[in-house]
Every structure is written in C-alpha cells, then in structure tokens.
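Student:
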Amino acid sequence: MTQKINMAVLIAALTLIVRAPALAQLPDPGFVIDIERTALVVTDPQNDFLSPEGVTWGVVGKSVTENRTVENIEALFKAAKQSGIPVFVSPHYYYNHDHQWKFEGALESLMHQIGMFDRKDALSLEGFAGSGADWLERYKPYIEDTNTVVVSPHKVYGPESNDLALQLRKRGIDKIILAGMSANLCTESHMRELVEQGFEVAVVSDATAAAVLPEYDGYRAAMVNFRMIASHVWPTTDAVQAMEGAAAQKKAGAMSSTGGSRTVSQKVVRVDGLDLFYREAGTENAPKILLLHGFPTSSHMFRNLIPALADRYHVVAPDYPGYGNSSMPSVGEFDYSFDRFAELVEKFTRQIGLERYSLYVMDYGAPIGFRLAAKHPERVEALVIQNGNAYVEGIDNDFWEPIKAYWKDRKAYNQGLDNAWWKNVKAAHKTPSMSNEDALRFLLTIGATKWQYTHGVRNPEAVSPDTWHVDQRLLDRPGNQEIQLQMFYDYGSNPPLYPEWQAYFREHQPPTLIVWGKNDEIFPAEGAHPYKRDLKNIEFHLLDTGHFALEEDGDLIADLMLRFLDRHVKPAVASAR
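First residue of the sequence shown: 259, per our numbering; consecutive thereafter.
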C-alpha cells in the first residue's frame, strides 16, 4: 500500500513538471533550424507500433490516436522533404539469430515473444512487405524516395548499436529534430545517446506515443525526460512552421549580412512638430520589436543588434528628442521629461504602425518603456530588459546618492558626494567639495562616457572607441548639457512609479528575458534580481560585462533574444527556438 502511495506521489510531482515547467525552474534552451546542419530523425515508423494491425496496438493505440501520432509523423516527413531537410530513419528489426540471445530485459523479452519487428535475416525481404517490421504504408513515399537515409537497425532501444551517429556526422549534421516510436523506449534512448554524442536535440511531443498500462504511462514518463534533457520540446505545428520558415529564410537569402530584410534604413518621422529619427529593418508583416536606448547614447547602440534580429522580426529603434539624430529643442522650448518621452514614443509607434511589439529596454529606455507597458499592456508581447531599473534595490548604491539629493534640491551642495565613488570625481576636480550639479556635469565628459563603455568589460579592446566618440560629439552640442541635467533631475519621477510597474508585471506576466551586464556600477545586478519576485515567465542571464552589454556580448544577446522571442512570439521567417 505504501509503495502505491509513493508511486502516486511521484507521478503527481512529475506531472507538475510537465504541466508547469516554470514551477520547476527549468530553462528552455531552445532550438534553431539551420538547413545545412539539421536533420529529421524518426525512430521505428513501423506497422507493429503505428498500425491497428500491429502487435503492440493494444497498449499503444490509445496514445497514438490521442496524439495523432501517425498524422503528425507524416506532416514532419512532408515538411522536411519540402524544406530540404535530410531525413534519417532508425528502424528496429529482429532477425532469426537475434532470438538466440541468452538474456533480455522485460520488454525485450516481450518483443521476442510476440514476434515484434521480425524479419528473416538482414539480406532477405521475404515476407517483409506489409509485415509488422515494414513501414506504415502512408510513409513509404517519403522513406523510399532514394533520398531518405535508412540506417542500420538498432537492436534494443538506443542508436549505440547502429550507424546513425556516423551517418549524421558524415553529413555535417549536429542538430536533430526527433520523432517516432516509442516515446519512453527507442525515442527517448535515441535522444539520450544523441545528446551524449554532442548533438542538439529537439523532440516533437505529439509525433510520438507510448504504451499505457495500469500504473504505467510510458508517454508521460517520456515527456518528463524530454523536457529535462532535450534542448527543446515542441508540437508538430511549431516544428513544421520552423522547417518551412528556415527554408523560406534560405531561399530569400536572409542570412546575407548585406541585403534583404537585414538592410537597416535610417528614417525620420514628424511627431508633435519634432523630427524623430529612427532605424528600421525587417519586413513589415513580421512581429515587431521596439528598441529603446539609454543614456548617453541613441539608437546607435543597436546598430549591430538590429540586423541580427531583422531576418525574422520587424525592428525599430527611435532616438528621443535631444539624443542621436532627432530634433534638439532647448530646455526652454520643450518639456524634457520621461513622461513626455513616453508620450512621444507612443505617438511614434502608432504613426509608423507598431500596434503590438516586444519591448527591449535599457537604462533610460526602461522608465520610458514601462510607462508604455503599464498604460497599454495589450500592446506588449514580451519584454527584454538589459540594465534597466524598476526596483529601489537597483538605485541603492553610491552612484545614485548625489543624484537623489539633486532630485530633492537642484541647488544641493556636496550632498551624497563623500562616498567612495564620488570622492574620485572630487579628486579629479581637485576640490574637497562641489555642488551636486557640477558633480553631475562630470557624467557628461569624454572620460565618463568612455568609462561607461569600458568599465566592467572583459576585454576593453573589443569596444570600439567610435562608441564614446559618437555619443560625446552629441553631448558637446551647445545646450545639450542642460538637457542632460534636466533628465538627471526628472529621473526622480521614476521611483514613485515602481509600484505601478511592478503591479503590471504581476498582473499581466509578460514573457521576460533579462540580459544584464553584472559589472555595471550604475545599474548593478542588485537591480536585476528583484524582477524574479514579480515575473513568473522569466529567463534570467547575468553577463560578465558592463553597462553597454551589447558592445561585448551583442552576438550572445541577439541569440538569446531570438531563442526567447521565437518561443513566445510567432516569427515571420525561420524557426521557433
């Protein structure tokens, strides 16, 4: 009795993992199809498993029928053939000599007893056609087309005893879409061995099935292990869409870095009498990504990220007034505030037709973007947060002390400037005390701008000096320092809104990717962790770099974004990861 109770508890716990992977804190590494490196591998697409006439139908038939396994495997065959993705079949055969084994496991013994997958011998097809070892009839056009690779048979469950890995390696393949029978036996064993051999594996959850017996559910058991071991688990519809998308991408030449949808356009739109400059790439019918920049930069910070995303997404990155190439009215002519910036960005998105989008926020982009998201949560499909704050823990450090005093009194003198961070500034100015405003002007110098780009990075030589020189040229424009001081002051309008933004996170639970430069002294990692309190559907990465993480880890961030967004937002071209 106790054993049955313990088994019930175990099954219930595993069921929770299947139904709620976030609860188990399991990441989803994702899977991207590269036509040149990806293959469809199908295990045991044979009558004994998949036909009502097969010897195992009495125990697998219910699972096969419920999953529509037969139809889904055919859909994968068809999509792979049309997409130019090579197909490999790993069959299961037992010859007469295999029945002479001296010992067997439980299911091996059963398979031999019931004549499952029986063939006379390896060199004879006598009695093979239409037998339990033969392919399902509807699969034969795909398998017998002279292009499908039928590897030597596996003998127990895994591919250790056949040449599957060899054939894949010889074709330069290291990414596997896995389907077939039976989920907890041959399919799972193939997954395990391929992973051990260094292949990246995605399992198609409804293109497999398993025996269901009293107290034993092979399919449920397999799903737990697929989720825990494979890079990704997806339904047939997603896998087919991914294959079709990858083929379309290859056909369009979207991977070219110089043409197609990756070409970045530089545009200007008139909003409320101001010229707002923006960079744009990708096709207009693709899902949208809105990139919001930080201080003291502009959309220039996204110059490499935009083309990296644009083959599957429509990417837009505006410059705020006073930044980059947008209009720069004086402080007396324009309300430089985060409220006004958010208002303008909202009008900008509507004017260019961005009704729904994923939102990348960094530094100043965070309070602007979170204003938009809290006001119109229905417009935000996902969040990507990179060193952008929404919690008091993120500004509870030496850097922010004089800025907080400045919020209270713009004439503050030497307040918050005696900590270790600001003592260095005073030492550089060779003065024991100074006004807070003069101290903040230090943040507008070439030395401070270069420091923001190079502090905390692993390799300063990897950061182009063009970055800080472009920003500094714009900061040095007459009247721009006054704009920046006004924005420092107005940053004080953001902390009172933190509870509202946190409530938005809790109530609407937007899928969120955190990619945070952990060595940033302005927005340190202490500001990243609190997001986990309020967001449940979150992927969290602390990167060993500084404030402008894209400069050193741009390729990694682009890859993480594509994997994440492809899972949560339907891409127009290429795969769901």
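Ideal placement from N, C-alpha and C gives every residue a C-beta, glycine not left out.
1. Determine the burial state of residue 585: buried for a count of at least 16 other Cβ atoms within 10 Å of its Cβ, exposed for fewer.
2. Confirm, please, whether the CB-CB distance from residue 460 to residue 479 is below 8 Å.
3. Starting from residue 747, trace the alpha helix (DSSP H) both ways and give me its first and last residue.
4. How would you call residue 517, buried or exposed, if buried means at least 16 neighbouring beta carbons within 10 angstroms?
5. For residue 359, is the classification buried or exposed, using 16 other Cβ atoms within 10 angstroms of its Cβ as the cut-off for buried?
6. Nearest to residue 646 by CA position, among 438, 561, 738 and 779, is which residue?
7. Should residue 713 be flagged as near chain D, meaning a C-beta pair shorter than 8 Å?
8. Could you tell me the alpha carbon to alpha carbon distance between residue 822 and residue 288, rounded to whole angstroms?
9. Looking at the unbroken alpha helix (DSSP H) that takes in residue 629, where does it start and where does it end?
10. Is residue 381 buried or exposed, if buried means 16 or more other CB atoms sit within 10 Å of its CB?
11. Go through its chain and collect everything with a Cβ distance to residue 527's Cβ below 8 Å, but skip five positions before and after it.
12. Since residue 785 and residue 804 should fall inside the 8 Å C-beta cutoff, what is the C-beta to C-beta distance between them, to a whole number of angstroms?
13. Quick check: the Cα distance between residue 272 and residue 482, rounded to an integer number of angstroms?
14. Could you tell me whether the Cβ atoms of residue 347 and residue 303 are closer together than 8 Å?
15. With 16 other CB atoms within 10 Å as the buried threshold, where does residue 404 fall?
16. Of the residues 444, 680 and 387, which one's Cα is nearest the Cα of residue 366?
17. Please classify residue 300 as buried or exposed, where buried requires at least 16 other C-beta atoms within 10 Å of its C-beta.
18. Taking the alpha-carbon of residue 577 as reference, which of 724, 562, 555 and 588 has the nearest alpha-carbon?
19. When DSSP builds the beta bridges, which residues end up paired with residue 538?
20. Taking the continuous beta strand (DSSP E) assigned at residue 490, which residues delimit it?
21. In the DSSP assignment, find the unbroken alpha helix (DSSP H) run with residue 711 in it and report its ends.
22. Go ahead and pull the three-state DSSP assignment for residue 796.
23. Measure the beta-carbon distance from residue 589 to residue 618 and round it to whole angstroms, keeping in mind my assumption that it falls under 8 Å.
24. Can you give me the C-alpha to C-alpha distance between residue 811 and residue 827, rounded to a whole angstrom?
25. State the start and end residues of the unbroken beta strand (DSSP E) segment that holds residue 547.
26. For residue 434, which residues does DSSP report across the bridge?
27. Thinking C-alpha only, which one of 682, 582 and 593 is nearest residue 735?
28. In this structure, how does DSSP classify residue 649 when only helix, strand and coil are distinguished?
29. Could you check what DSSP says for residue 775 in three-state terms: helix, strand or coil?
30. Decide if residue 512 is buried, meaning its Cβ has at least 16 other Cβ atoms within 10 Å, or exposed.
Tutor: Let me spell this out:
1. Taking the first residue of the sequence shown as 1, we reach residue 585 at position 327. That one is buried.
2. Position 221 of the sequence shown, counted from the first residue, corresponds to residue 479. Position 202 of the sequence shown, counted from the first residue, corresponds to residue 460. Not in contact: residue 479 and residue 460 (Cβ atoms no closer than 8 Å).
3. If you number the sequence shown from 1, residue 747 lands on position 489. Its alpha helix (DSSP H) spans residues 738 to 748.
4. Counted from its first residue, the sequence shown places residue 517 at position 259. Residue placement at residue 517 cannot be trusted, given a pLDDT of 40 that sits under 50; the coordinates are not used to answer.
5. As a working note, residue 359 is residue 101 in the sequence shown. Its Cβ having fewer than 16 others within 10 Å, residue 359 is exposed.
6. Within the sequence shown, residue 646 is the residue found at index 388, counting from 1. Checking every option, the nearest Cα to that of residue 646 belongs to 779.
7. The question asks about chain D, but that chain is absent: this structure has only one protein chain.
8. Against the sequence shown, residue 822 aligns to sequence position 564. Against the sequence shown, residue 288 aligns to sequence position 30. Whole-angstrom Cα-Cα distance: 8 Å.
9. Translated into the one-based positions of the sequence shown, residue 629 becomes position 371. From DSSP, the alpha helix (DSSP H) with residue 629 extends over 623 to 633.
10. Sequence index remark: in the sequence shown, residue 381 carries index 123 (1-based). So residue 381 ends up on the exposed side.
11. What you label residue 527 is simply residue 269 of the sequence shown in a count that begins at 1. Excluding sequence neighbours, residue 527 sits near 533, 534, 536, 606, 609 and 610.
12. Stepping through the sequence shown from its first residue, residue 785 is reached at position 527. Stepping through the sequence shown from its first residue, residue 804 is reached at position 546. Actually they do not touch by this definition, with Cβ atoms about 14 Å apart.
13. Here the question's residue 272 lines up with position 14 in the sequence shown. Here the question's residue 482 lines up with position 224 in the sequence shown. Caution is warranted here: a pLDDT of 37 is assigned to residue 272, below 50, making its placement in the model unreliable, and the coordinate value is therefore given only provisionally. Distance between the alpha carbons of residue 272 and residue 482: 7 Å.
14. Stepping through the sequence shown from its first residue, residue 347 is reached at position 89. Stepping through the sequence shown from its first residue, residue 303 is reached at position 45. Yes, the pair counts as a contact, with Cβ atoms nearer than the cut-off.
15. Reading the sequence shown from its first residue, position 146 is the one you call residue 404. Exposed, because fewer than 16 other Cβ atoms sit within 10 Å of the Cβ of residue 404.
16. Looking up residue 366 in the sequence shown gives position 108. The candidate whose alpha carbon is nearest that of residue 366 is 444.
17. As a working mapping, residue 300 is identified with position 42 in the sequence shown. With 16 or more Cβ atoms within 10 Å of its Cβ, residue 300 is classed as buried.
18. As a first step, residue 577 is located in the sequence shown; it is residue number 319 there, counting from the start. For residue 577, the nearest C-alpha among the options comes from 555.
19. Stepping through the sequence shown from its first residue, residue 538 is reached at position 280. Residue 538 is bridged to 523 and 574.
20. For the purposes of this step, residue 490 is taken as the residue at position 232 of the sequence shown. First-last of the beta strand (DSSP E) with residue 490: 490 to 492.
21. Counted from its first residue, the sequence shown places residue 711 at position 453. Taken as a continuous stretch (DSSP letters only), the alpha helix (DSSP H) holding residue 711 covers 704 to 712.
22. For the purposes of this step, residue 796 is identified with residue 538 of the sequence shown, where counting begins at 1. Three-state DSSP puts residue 796 in a strand.
23. Locating residue 589 in the sequence shown gives position 331, where the first residue counts as 1. Locating residue 618 in the sequence shown gives position 360, where the first residue counts as 1. Actually they do not touch by this definition, with Cβ atoms about 28 Å apart.
24. Mapped onto the sequence shown, residue 811 falls at position 553. Mapped onto the sequence shown, residue 827 falls at position 569. Distance between the alpha carbons of residue 811 and residue 827 is about 23 Å.
25. The sequence position of residue 547 within the sequence shown is 289, counting from 1. From DSSP, the beta strand (DSSP E) with residue 547 extends over 546 to 550.
26. Translated into the one-based positions of the sequence shown, residue 434 becomes position 176. In the DSSP output, where bridge partners are listed per residue, residue 434 has 297 and 459.
27. For the purposes of this step, residue 735 is taken as the residue at position 477 of the sequence shown. Ranking the options by Cα distance to residue 735, first place goes to 582.
28. In the sequence shown, counting from the first residue as 1, residue 649 sits at position 391. Reduced to three states, the DSSP call for residue 649 is coil.
29. Working through the sequence shown from its first residue, we reach residue 775 at position 517. It is a strand residue.
30. Within the sequence shown, residue 512 is the residue found at index 254, counting from 1. Confidence is the limiting factor: at residue 512 the pLDDT is only 42, short of 50, which leaves the residue's position unreliable, though a coordinate-based value still follows. Its Cβ being crowded by 16 or more others within 10 Å, residue 512 is buried.
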